[in-house]
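Each remark here refers to the structure printed beneath this line.
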């Protein structure tokens, strides 16, 4: 409230614009920092290389990696899945032998080796199932479970797998814009 002969202070347009610009820059920086934390961009060139080698969509592979391990090559699940793509040693050994790749359980924490075997496995699953939803479900719950679900009407019966498929689809949409 103004008193007596006080005048309202005028804020110049240029100062207002400068303040607004700073706010926009800070908000944008915070947004992209949060995006990078939630959807990391590590290993993108390697993901592209391996996805191309196996005729896979690199955004889909990046989404699987994001959901499986958060891009942590040293990740290990309570069930024993290891590496970026969280491969079970038995599955990794099977897909390695199927593709003529020397198998080493110790190398499952090596990003390139894990992506090689993970992409080989995704390629195998894509030859067995139509659609990324079914491929992601098979990657998570196993080929036999998805086959059963498809024969019983197509509904994913495991809540964990249904949530996994949704997370992969959401991450794929983000990575489609980021890769």
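Numbering (the working numbering), first residue to last: 1413 to 1591. Glycine included, every Cβ here is placed at the ideal spot set by N, Cα and C.
Under a three-way DSSP split, which group does residue i fall into?
i            : result
residue 1569 : coil
residue 1440 : Only weak support is given to the placement of residue 1440: the predicted model assigns it a pLDDT of 48, under 50, and the value that follows is read from those uncertain coordinates. Reduced to three states, the DSSP call for residue 1440 is helix.
residue 1579 : helix
residue 1587 : helix
residue 1556 : helix
residue 1453 : coil
residue 1513 : coil
In terms of residues, what are the limits of the alpha helix (DSSP H) holding residue i?
i            : result
residue 1456 : 1456 to 1465
residue 1494 : Taken as a continuous stretch (DSSP letters only), residue 1494 belongs to no alpha helix (DSSP H), as it is neither H nor E.
residue 1480 : 1470 to 1481
residue 1539 : 1523 to 1540
residue 1553 : 1544 to 1553
Taking the C-alpha atoms as reference points, what is the distance between residue i and residue j?
i            : j            : result
residue 1548 : residue 1512 : 24 angstroms
residue 1536 : residue 1467 : 11 angstroms
residue 1464 : residue 1587 : 16 angstroms
residue 1441 : residue 1590 : For residue 1441, the predicted structure reports a pLDDT of 46, less than 50, and the residue's modelled location is therefore unreliable. A value from the coordinates is still provided. Each residue's Cα considered, the two are about 16 angstroms apart.
residue 1489 : residue 1569 : 22 angstroms
residue 1565 : residue 1544 : 17 angstroms
residue 1524 : residue 1563 : 36 angstroms
residue 1486 : residue 1495 : 5 angstroms
residue 1520 : residue 1526 : 5 angstroms
residue 1541 : residue 1552 : 14 angstroms
residue 1560 : residue 1538 : 17 angstroms
residue 1517 : residue 1505 : 8 angstroms
residue 1573 : residue 1534 : 16 angstroms
Which residues does DSSP pair with residue i in a beta bridge?
i            : result
residue 1499 : 1494
residue 1488 : 1494
Is the stretch 1496 to 1507 in contact with the stretch 1523 to 1533, if contact means three or more CB pairs nearer than 8 angstroms?
-> yes
Do the stretch 1476 to 1488 and the stretch 1566 to 1580 make contact, defined as three or more Cβ pairs closer than 8 angstroms?
-> The stretch 1476 to 1488 is in contact with the stretch 1566 to 1580.
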